[in-house]
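A.B. asks: Numbering (the UniProt record's numbering), first residue to last: 1 to 724.
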Amino acid sequence: MRSARRVRRGELEAGAAFPGWLWLTWCWRRPPVTARSDTAVARAPRPKPVAERGAEREAAGSEVCEDEDICVIMCASVKSNIRGPALIPRMKTKHRIYYVTLFSIVLLGLIATGMFQFWPHSIESSSDGGVEKRSIREVPVVRLTADSPIPERGDLSCRMHTCFDVYRCGFNPKNKIKVYIYPLKKYVDDAGVPVSSAISREYNELLTAISDSDYYTDDISRACLFVPSIDVLNQNPLRIKETAQALAQLPRWDRGTNHLLFNMLPGGPPDYNTALDVPRDRALLAGGGFSTWTYRQGYDVSIPVFSPLSAEVALPEKAPGSRRYFLLSSQMAIHPEYREELEALQAKHRESVLVLDKCTNLSEGVLSIRKRCHQHQVFDYPQVLQEATFCTVLRGARLGQAVLSDVLQAGCVPVVIADSYILPFSEVLDWKRASVVIPEEKMSDVYSILQNIPQRQIEEMQRQARWFWEAYFRSIKAIALATLQIINDRIYPYAAISYEEWNDPPAVKWASVSNPLFLPLIPPQSQGFTAIVLTYDRVESLFRVITEVSKVPSLSKLLVVWNNQNKNPPEESLWPKIRVPLKVVRTAENKLSNRFFPYDEIETEAVLAIDDDIIMLTSDELQFGYEVWREFPDRLVGYPGRLHLWDHEMNKWKYESEWTNEVSMVLTGAAFYHKVGCGRSVHGCSLLSQGEGVGAVCMGAAFYHRVRVWAQCAWVQHPFNSLV
Numbered sequence: 001m002r003s004a005r006r007v008r009r010g011e012l013e014a015g016a017a018f019p020g021w022l023w024l025t026w027c028w029r030r031p032p033v034t035a036r037s038d039t040a041v042a043r044a045p046r047p048k049p050v051a052e053r054g055a056e057r058e059a060a061g062s063e064v065c066e067d068e069d070i071c072v073i074m075c076a077s078v079k080s081n082i083r084g085p086a087l088i089p090r091m092k093t094k095h096r097i098y099y100v101t102l103f104s105i106v107l108l109g110l111i112a113t114g115m116f117q118f119w120p121h122s123i124e125s126s127s128d129g130g131v132e133k134r135s136i137r138e139v140p141v142v143r144l145t146a147d148s149p150i151p152e153r154g155d156l157s158c159r160m161h162t163c164f165d166v167y168r169c170g171f172n173p174k175n176k177i178k179v180y181i182y183p184l185k186k187y188v189d190d191a192g193v194p195v196s197s198a199i200s201r202e203y204n205e206l207l208t209a210i211s212d213s214d215y216y217t218d219d220i221s222r223a224c225l226f227v228p229s230i231d232v233l234n235q236n237p238l239r240i241k242e243t244a245q246a247l248a249q250l251p252r253w254d255r256g257t258n259h260l261l262f263n264m265l266p267g268g269p270p271d272y273n274t275a276l277d278v279p280r281d282r283a284l285l286a287g288g289g290f291s292t293w294t295y296r297q298g299y300d301v302s303i304p305v306f307s308p309l310s311a312e313v314a315l316p317e318k319a320p321g322s323r324r325y326f327l328l329s330s331q332m333a334i335h336p337e338y339r340e341e342l343e344a345l346q347a348k349h350r351e352s353v354l355v356l357d358k359c360t361n362l363s364e365g366v367l368s369i370r371k372r373c374h375q376h377q378v379f380d381y382p383q384v385l386q387e388a389t390f391c392t393v394l395r396g397a398r399l400g401q402a403v404l405s406d407v408l409q410a411g412c413v414p415v416v417i418a419d420s421y422i423l424p425f426s427e428v429l430d431w432k433r434a435s436v437v438i439p440e441e442k443m444s445d446v447y448s449i450l451q452n453i454p455q456r457q458i459e460e461m462q463r464q465a466r467w468f469w470e471a472y473f474r475s476i477k478a479i480a481l482a483t484l485q486i487i488n489d490r491i492y493p494y495a496a497i498s499y500e501e502w503n504d505p506p507a508v509k510w511a512s513v514s515n516p517l518f519l520p521l522i523p524p525q526s527q528g529f530t531a532i533v534l535t536y537d538r539v540e541s542l543f544r545v546i547t548e549v550s551k552v553p554s555l556s557k558l559l560v561v562w563n564n565q566n567k568n569p570p571e572e573s574l575w576p577k578i579r580v581p582l583k584v585v586r587t588a589e590n591k592l593s594n595r596f597f598p599y600d601e602i603e604t605e606a607v608l609a610i611d612d613d614i615i616m617l618t619s620d621e622l623q624f625g626y627e628v629w630r631e632f633p634d635r636l637v638g639y640p641g642r643l644h645l646w647d648h649e650m651n652k653w654k655y656e657s658e659w660t661n662e663v664s665m666v667l668t669g670a671a672f673y674h675k676v677g678c679g680r681s682v683h684g685c686s687l688l689s690q691g692e693g694v695g696a697v698c699m700g701a702a703f704y705h706r707v708r709v710w711a712q713c714a715w716v717q718h719p720f721n722s723l724v
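(1) Phenylalanine 164 to tyrosine 299, Cα distance in whole Å?
(2) If you run the structure through DSSP and keep just helix, strand and coil, what is glutamine 527?
(3) What are the start and end residues of each continuous beta strand (DSSP E) run of 3 or more residues lying completely inside the region 209–294, in chain order?
(4) I'd like to confirm the pairing. Which residues does DSSP put opposite alanine 606 in its beta bridges?
(5) Which residue's Cα is closest to the Cα of threonine 243: Ser444, Tyr325, Gln623 and Arg153?
(6) Which class does tryptophan 502 belong to by DSSP, given the choice of helix, strand or coil?
(7) Counting C-beta neighbours from all protein chains within 10 Å, is the total for leucine 110 16 or more, i.e. buried, or is it exposed?
(8) To test your reading of the DSSP string, which unbroken beta strand (DSSP E) runs of 3 or more residues are found completely within the region 374–413?
(9) Taking the beta strand (DSSP E) that arginine 143 belongs to, which residues open and close that run?
(10) Does DSSP put phenylalanine 596 in a helix, a strand or coil?
(11) Output the distance between the C-alpha atoms of aspartate 620 and valine 561, rounded to the nearest integer angstrom.
(12) Tell me the DSSP secondary structure of tryptophan 575 in three-state form.
(13) If you measure between the beta carbons of alanine 410 and glutamine 383, is that distance less than 9 Å?
(14) Identify the residues that DSSP records as bridge partners of threonine 535: which are they?
(15) Is the number of C-beta pairs between the region 588–601 and the region 549–564 that are closer than 8 Å three or more?
(16) Here's the rule: buried if 16 or more other CB atoms are within 10 angstroms of the residue's CB, otherwise exposed. What is threonine 530?
(17) What are the start and end residues of the alpha helix (DSSP H) that includes valine 166?
(18) Do the CB positions of phenylalanine 473 and serine 664 come within less than 9 Å of each other?
(19) Let me confirm a value: tyrosine 167 is counted as buried when at least 16 other C-beta atoms fall within 10 Å, else exposed. Which label applies?
(20) What does a CB cutoff of less than 7 Å around glycine 287 pick up in its chain, not counting 5 residues either side in sequence?
(21) Please go through the same chain and pick out, in chain order, the residues whose beta-carbon is closer than 6 Å to the beta-carbon of tyrosine 203, but skip the five residues on each side of it.
(22) Distance check for arginine 324 and leucine 342, CA to CA, integer angstroms please.
(23) Select from Arg463, Arg579, Val607 and Ile615 the residue whose C-alpha is nearest the C-alpha of arginine 538.
(24) In terms of residue numbering, what span does the beta strand (DSSP E) encompassing glycine 641 cover?
(25) Give the straight-line distance between the Cα atoms of valine 428 and phenylalanine 468, rounded to the nearest whole angstrom.
(26) If you follow the beta strand (DSSP E) that valine 179 is part of, which residue opens it and which one closes it?
(27) Would you kindly work out how many angstroms separate the C-alpha atoms of valine 676 and threonine 604, rounded to a whole number?
(28) Report the three-state DSSP secondary structure of glycine 114 (helix, strand or coil).
(29) By how many angstroms is the C-alpha of cysteine 158 removed from the C-alpha of leucine 285?
(30) CB glycine 638 to CB glycine 669, shorter than 9 Å?
(31) Helix, strand or coil for glycine 109? Go by DSSP, reduced to three states.
(32) With DSSP as the reference, label lysine 551 as helix, strand or coil.
(33) Is aspartate 96 buried or exposed, if buried means 16 or more other CB atoms sit within 10 Å of its CB?
(34) For the beta strand (DSSP E) containing phenylalanine 326, list its first residue and its last residue.
(35) Note down, in chain order, each residue of its chain lying with its Cβ closer than 6 Å to the Cβ of leucine 546, except the 5 sequence neighbours on either side.
(36) Put leucine 617 into one of helix, strand or coil per three-state DSSP.
Have a look at this one:
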C-alpha cells in the first residue's frame, strides 16, 4: 500500500509540469484501486439522485486524497465542484510573472504596429515639405547668379514616348502615379531681390490638393512626377529668365523630364502667347490657354482658367429648358469688332439677345466684377447667366477665359467663338455634348445656327454643362486631380477611366440618347449577321463579292439592293449558288442611303454594309470584323479608314483618303453596325446631298459619337460642324 502510494506520489511529481487542469482531471477521474475490478464486471447501476451522487463523489475524492499530501489543494477543488464550476489551480509565482511579462510585451508590440500602420499620412503631412505648415519666412534662401543655367525653350515635338520617362513610375499594384512636391524655397537674384512674389492662394490650394491625394509621396526616390513649389499660375508677375533659372536648380530637373508645371494665365503684352513663356525644356505643361499651335497633343494638358466667383457665389442648379434670353454675352473686355457683331444681333432679334458690358455708374463700395450693365439697367453677375439658354465665350487678350467656368456653373450652354482654342480637358471630355463651337467668321450667323438645334438636345447640353462644372471646374482641387488622372491614364492605359466615366453624369436619364447596345430587350430572330450589298450595274464584281461573303461562317442572310431603275437585275439562274438565303430588293429611287433602310428581311442584330466593288476582302477578314463588332456592338466597325483635320493654311476642313497612320472615321463601304441604326440613318442622312462621301461620313459620325443620327446628321449642313 505504501509502495503504491509512493508510485502515485512520483506520478504527481512528474506531472507537476502539466497545466493545472490536467492535475484536476487526474485527481477527479482516478477511482479507488480496490473498486476497479468490481466496476469492470458489474452492470451499470441505476442512476442515483444528484445529492447521493455528490456525496459519493466527495467520499471517493477523500479516499483517494487522504494519504496524499500533494493533493490537498486539488481535493478542495473537487469538493467545491459540487457547488459550482471547478476552480483552476493557481500557478506558481515565477510562472505567473513570466506569462504576464510575455503578454505585456506582445500587447505593446501590437499597439506600436497599429500606430505605424494607420498614421502614415499624419507623419507625411508634418514633414518639412508640407505646404501648409511652413511659413515663407522659414524657407531656405537660394541665390541665383547671373550665369545660372537656363533651360531650353519648350520642345514642341515632345510626346509621352519621347520626353517622358515611364520607367520612373515602375510597377504599381494600385495603378497610381506618385507625385512629389519640392519643398518651398525662396529664390533671390544677385542683389537679393526675390525672383517672384509670395505663393498665391490658388497655387497653395493646388499643392495642398495634391499632397492630400492618393498620388502624393514624400519620398523623392519613389516619385514618378515632380511638381515644383514655384508658382507660375499667372505669368504677369513673373521674371521670365530668373524663374527659368530657378527651375533649373531643382534636384531632379534633368531637362524637365517628368516635371509638371501649372499655368492658367500665359503670355503677356503685347503678343499674349498661348503657352507659358518661361523656358521649360521637356516639362509637361498644364495650361489654361492653349491653341492648336502650342498644344502638344497627348503630352500637355489643357486646363480651365479658374474663376474666383465659383468659390464666392453659390448658384443653385436650375432645371433645363427655355429661358428668358436665347443668347447672352457677359464679357467686358472683348474686341470692338465682336461687340459690333453682337450688338447687330441684339438689334435684329431684340429681346432674345442681351449684350452686357462694364458698368460705369456704380456707387462706391460696389464691386464692378459682380455687376454687368445694359444701357442703364444693372444685372447681378454671374446670376444673370442663369436667365439665358446660350452664352457666348469669346477670345479676349488670351484664348482661355474664366467666363467659361461661370457659364457652365449657371447651366448655360457655352457658345465658344475662339478659333484654334483647345477646350479644357478636351483629351477626355466630349465637348459636343455640352457646348457649341462656331468659327469666328460665322459669328454673324450664330443665331440661326443655334436655332437649328432641337429643344431636347439643348436641355441635355444644359445638364451636361452643369455637370462638367461640378466635376472638373468648381475648385482648384478638382482641376488638379483631373489633370493628374489624365496623366495617370496615359501611363497606365489598361486601368484608364473610360469615356462613359469621364462624360456620363451619375443618375441622369438621357431621354434622346439611344445607345444601340441597350435597345434590344429580346434576342434576335437569327444569329450571325446580314450582308447588304449595294449595287447599280456592275454584275461581274457583284457576283465576286457575293461568292466571297457567302464563305463567312457567321453569315445568316445576303440582301442585294439593286439601285438601277433603268435596268433589270440578272436572271435567277445566273446568280451564284450559295448556302444562305439571297434576296434582291429593287429600289424606287437611286439613293446611296437605300443601304440603310430597315428592311424586314434583316433578322440579325449585326448588319454588314458592303459595296459591290469591295473585292479585296477575304472571308477570314470579314469573320474577324464580325467578331470585333460583337465586342463593340454600339460602334461602327469597318475597314476603309479616313482622316479629317483642320487645314490652317486653307482655313477649312481637309478630308484625307490616302493611307496614313491616323484614322478619324470609318466609311460604310465595308462596315458592321447595329440594325437599330438603319431606320434612323434614313431619316437623317437621306436629307443630305447624295454624294458618296457625305452619306458615309454622316453614318460614321453618328455611330462614332453615339448620339442621335438625326441630330448629328442635321448638323453636317452647318460649316462649323462639317466633317468634309
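Glycine included, C-beta positions come from ideal geometry on N, C-alpha and C. These numbers were taken from a predicted model, which means no experiment stands behind them.
C.D. replies: The relevant details are as follows:
(1) Distance from the CA atom of phenylalanine 164 to the CA atom of tyrosine 299, rounded to whole angstroms, is 9 Å.
(2) DSSP places glutamine 527 in coil when its eight states are reduced to three.
(3) Fully enclosed beta strand (DSSP E) runs of 3 or longer: 225–227, 260–263 and 284–287.
(4) Answer is Phe529 and His674.
(5) The option with the nearest alpha carbon to threonine 243 is Arg153.
(6) Correct three-state label for tryptophan 502: helix.
(7) Leucine 110 is classed as exposed because its beta carbon has fewer than 16 other beta carbons within 10 Å across all chains shown.
(8) Every unbroken stretch of the beta strand (DSSP E) spanning 3 or more residues and falling wholly within the region 374–413 is given here in chain order: 377–380 and 388–394.
(9) Segment 141–143, the beta strand (DSSP E) holding arginine 143.
(10) Correct three-state label for phenylalanine 596: helix.
(11) In this structure, the alpha-carbon of aspartate 620 lies about 24 Å from that of valine 561.
(12) Coil at tryptophan 575, not helix or strand.
(13) Closer than 9 Å, so yes.
(14) The partner list for threonine 535 (beta bridge, DSSP) reads Trp562.
(15) Taking 8 Å as the limit for Cβ pairs, the verdict is that the region 549–564 does touch the region 588–601.
(16) Threonine 530 counts as buried, since no fewer than 16 other beta carbons sit within 10 angstroms of its beta carbon.
(17) The continuous stretches of alpha helix (DSSP H) do not include valine 166, and DSSP gives it neither H nor E.
(18) No, they are not a contact pair.
(19) It counts as exposed.
(20) Asn263, Pro266, Ala275, Leu276, Asp300, Ser302 and Ile303, listed in sequence order.
(21) Non-local C-beta neighbours of tyrosine 203 in its own chain, meaning closer than 6 Å and more than five positions away in sequence, comprise Asp231 and Leu233, ordered along the chain.
(22) Taking the Cα positions, leucine 342 is about 17 Å away from arginine 324.
(23) Closest option to arginine 538, Cα to Cα, is Ile615.
(24) That run of the beta strand (DSSP E) goes 641–647.
(25) Their backbone Cα atoms lie some 12 Å apart in a straight line.
(26) From DSSP, the beta strand (DSSP E) with valine 179 extends over 179–181.
(27) Near 10 Å, if we compare the C-alpha coordinates of threonine 604 and valine 676.
(28) For glycine 114, the three-state secondary structure derived from DSSP is helix.
(29) Roughly 11 Å between the two C-alpha positions.
(30) Yes.
(31) Assigned with DSSP and collapsed to three states, glycine 109 falls in helix.
(32) Of the three classes helix, strand and coil, the one that applies to lysine 551 here is coil, per DSSP.
(33) Just to set this straight, residue 96 is arginine in the shown sequence, not aspartate. With a 10 Å radius around the Cβ and a threshold of 16 neighbouring Cβ atoms, arginine 96 comes out exposed.
(34) From DSSP, the beta strand (DSSP E) with phenylalanine 326 extends over 325–329.
(35) Residue identity check: residue 546 is isoleucine in the sequence provided, not leucine. If the five residues before and after isoleucine 546 are omitted, its C-beta is found closer than 6 Å to the C-beta atoms of Pro576, all from its own chain and listed in chain order.
(36) Leucine 617 falls in the coil class under three-state DSSP.
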